[in-house]
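Participant:
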Amino acid sequence: MGMAEVGEKDLVTPGEVLGKASELIPGRGAYVAPHNNTVYASLTGRRVIIPPSLGSPDQRPVVEVTGHKAHGAVPEPGSIVIARVTKVMARLASADILCVGSKSVREKFTGIIRQQDVRATEIDKVDMHSSFRPGDIVKAVVLSLGDARAYYLSTAKNELGVVSAESTAGATMVPISWTEMQCPLTGQIEQRKVAKIGPSQSSNQA
Amino acid sequence: MAGATGATPTTYSPSPVSKTIKRPIFSELDWVRPDGRAFHQCRPAFLKTGAVNAAAGSAYAEFGNTKVIVSVFGPRESKKAMMYSDIGRLNCNVSYTTFAMPVRGQGSDHQEFSSMLHKALEGAIILESFPKTTVDVFALVMESGGSDLPVVISCASLALADAGIMMSDLVAAASVSCLGTNLLIDPICEEESYQDGSLMITCMPSRNEVTQLSVTGEWSTAKVHEAMELCLDACSKLGKIMRSCLKEAASASQE
Chain V
1 MGMAEVGEKD
11 LVTPGEVLGK
21 ASELIPGRGA
31 YVAPHNNTVY
41 ASLTGRRVII
51 PPSLGSPDQR
61 PVVEVTGHKA
71 HGAVPEPGSI
81 VIARVTKVMA
91 RLASADILCV
101 GSKSVREKFT
111 GIIRQQDVRA
121 TEIDKVDMHS
131 SFRPGDIVKA
141 VVLSLGDARA
151 YYLSTAKNEL
161 GVVSAESTAG
171 ATMVPISWTE
181 MQCPLTGQIE
191 QRKVAKIGPS
201 QSSNQA
Chain D
207 MAGATGATPT
217 TYSPSPVSKT
227 IKRPIFSELD
237 WVRPDGRAFH
247 QCRPAFLKTG
257 AVNAAAGSAY
267 AEFGNTKVIV
277 SVFGPRESKK
287 AMMYSDIGRL
297 NCNVSYTTFA
307 MPVRGQGSDH
317 QEFSSMLHKA
327 LEGAIILESF
337 PKTTVDVFAL
347 VMESGGSDLP
357 VVISCASLAL
367 ADAGIMMSDL
377 VAAASVSCLG
387 TNLLIDPICE
397 EESYQDGSLM
407 ITCMPSRNEV
417 TQLSVTGEWS
427 TAKVHEAMEL
437 CLDACSKLGK
447 IMRSCLKEAA
457 SASQE
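Heads up: the protein sequence lines correspond to chains V and D, in order.
Start counting the first sequence at 1; every next residue gets the next number (the working numbering).
Start counting the second sequence at 207; every next residue gets the next number (the working numbering).
As structure tokens, this is what we get:
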């Protein structure tokens, strides 16, 4: 519902006027200058006008500037990220953020997963070493911008946690439950906070 | 220098310098521009984005003999030592290559130009759109043919737009030199060495706002007005050229 209405192939550059604030709401790539109530573009790209959803109090269409190039991915609160664990300590694990959403970052960002953010239940009894090991690839959600040094990440959901890990023998482990993964070469079981991979399309296996 | 041994001199007199002596300004004759331009004519501008693959955004500008390349990296993680900030940071660096000046010398980092570039750009970038991270702008002047800083500023703003950093508007810059009673726009190296004063304006053309104004030398009010009008006019024309350069690059990459 609400297909985006593409304006004629007009490219806009930063600073170009897109319309008046009384007629348009600025979306991504646009902003309102308060002193003259005009909506300007802030990125280079195509102007896209999204009609307002029915029933919303504000009936002005949203104008966005999309396509061409937006700056490289930057972690934002609420976005799902893929990170590689670098350090595991008693109360937190440090990870390098590699992808934000589906885009990879150009240069890594640092994130930390605190003990209370590893899972949703029994958060004071979490053992960091049974949840993550250095080198694991985890899927996490960005809680907040954190402090000067790192973003705060959380794996406290079923679908978040370790996605891929290597066993001590060097093989990629197979998840067997939400706390354990098994090495296919040696059969050894190792403890991790495993992410539940969502149901695949052919999920009608009895 | 004769002086009593062991006694420090009470006055300081600089030793005679035998470098190039500035020739007196011709007030009667009119200056003829070496490259044949009129006084109020700018050099033709060549601008191109996407020159550097490794950078998030980049631009190359050639205004006559002034050749500048600017790379933009970011937004990327700030150094660990920096304090937390809920708006983004801008870090600028302008350096000259060893072969940029007519006399080949040491490539140098221009601290002054770096901070002027920072002041010119920070008014235009929407820093709130990338909190906690840093955008690095590195400008390299490959050949210095006069009017370096305005070219660096315009090129840097193009590189930032190419990198997809959110900006309120593009930033265009122009400078005017005062030689006697004449005002010359977009001076070259030789004209800059004879100038009595210079005025540089960086402005955001479509919003008609000035982000930086720098004046050196002696100016009367009327002259300042005239020079500002010249510069603003040149900036708006340069702004149009910059926009068409960006649009060309965007439509070329779409196909």
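Think of the CB as a built atom: it goes at the ideal place given N, C-alpha and C, for glycine as much as any other residue.
Give the range of the beta strand (DSSP E) segment to which Val126(V) is assigned.
Facilitator: No beta strand (DSSP E) contains Val126(V), which DSSP labels as neither H nor E.
Participant: DSSP three-state call for Lys20(V): helix, strand or coil?
Facilitator: Strand at Lys20(V).
Participant: Can you give the Cα-Cα distance for Ile332(D) and Met373(D), rounded to whole angstroms?
Facilitator: Those two C-alpha atoms are separated by around 5 Å.
Participant: Quick one: Cα of Ala195(V) to Cα of Ile80(V), how far?
Facilitator: Each residue's alpha carbon lies about 13 Å from the other.
Participant: Please report the distance separating the alpha-carbon of Glu41(V) from that of Val12(V).
Facilitator: This sequence places Ala at residue 41(V); Glu is not what is there. When rounded, the distance between both Cα atoms is 7 Å.
Participant: Measure how close the beta-carbons of Ala265(D) and Thr255(D) come, nearest whole angstrom, since I'm counting them as under 8 Å.
Facilitator: Their Cβ separation, rounded to whole angstroms, is 5 Å, which keeps Ala265(D) and Thr255(D) in contact under 8 Å.
Participant: In or out: Tyr152(V) buried (at least 16 other Cβ within 10 Å) or exposed?
Facilitator: Counting Cβ neighbours within 10 Å, Tyr152(V) comes out buried, since at least 16 surround it.
Participant: Can you list the residues of chain D that Asp147(V) reaches, using a CB-CB cut of under 8 Å?
Facilitator: Result: Tyr290.
Participant: If you draw a straight line from the alpha carbon of Leu452(D) to that of Phe252(D), how long is it in whole angstroms?
Facilitator: If you take the alpha carbons of Leu452(D) and Phe252(D), they lie about 12 Å apart.
Participant: Rounding to the nearest angstrom, what Cα-Cα distance links Met448(D) and Arg114(V) in this structure?
Facilitator: Between Met448(D) and Arg114(V), the C-alpha separation is close to 47 Å.
Participant: Which of the three DSSP states is assigned to Pro199(V) in this structure?
Facilitator: Looking at Pro199(V) - three-state DSSP - the assignment turns out to be coil, as it is neither helix nor strand.
Participant: Would you kindly work out how many angstroms separate the C-alpha atoms of Ile50(V) and Arg28(V), rounded to a whole number?
Facilitator: Rounded to the nearest angstrom, the two C-alpha atoms are 11 Å apart.
Participant: For Arg249(D), would you say it is in contact with chain V, using Cβ-to-Cβ distances shorter than 8 Å as the test?
Facilitator: No, its Cβ sits nowhere closer than 8 Å to a Cβ of chain V.
Participant: When you check each C-beta in the segment 104-116 of chain V against every C-beta of chain D, which residues fall closer than 7 Å?
Facilitator: So the list reads Arg106, Glu107, Phe109, Thr110, given in the order they occur along the chain.
Participant: Taking only the alpha-carbon atoms, compute the straight-line gap between Asn414(D) and Gly15(V) and give it to the nearest angstrom.
Facilitator: Their backbone Cα atoms lie some 10 Å apart in a straight line.
Participant: What would DSSP say about Cys99(V), mapped onto helix, strand or coil?
Facilitator: Cys99(V) falls in the strand class under three-state DSSP.
Participant: With 8 Å set as the bound, which would you pick, yes or no: does the beta-carbon of Val100(V) sit closer than that to a beta-carbon of chain D?
Facilitator: Chain D, which has no Cβ nearer than 8 Å to the Cβ of Val100(V), makes this no.
Participant: For Ile137(V), collect the residues of the same chain with a Cβ closer than 6 Å to its Cβ; drop the 5 residues on either side in sequence, then sort them by chain order.
Facilitator: Here the set comprises Arg84, Val163, Ser164.
Participant: The alpha helix (DSSP H) with Val358(D) in it runs from where to where?
Facilitator: Counting along the chain, the alpha helix (DSSP H) containing Val358(D) begins and ends at 354-368.
Participant: Which runs of the beta strand (DSSP E) at least 3 residues long sit entirely within the segment 7-94 of chain V? Give them in chain order.
Facilitator: Entirely contained in the segment 7-94 of chain V, the beta strand (DSSP E) runs reaching 3 residues are, in chain order, 17-20, 30-33, 38-41, 45-50, 62-66, 80-88.
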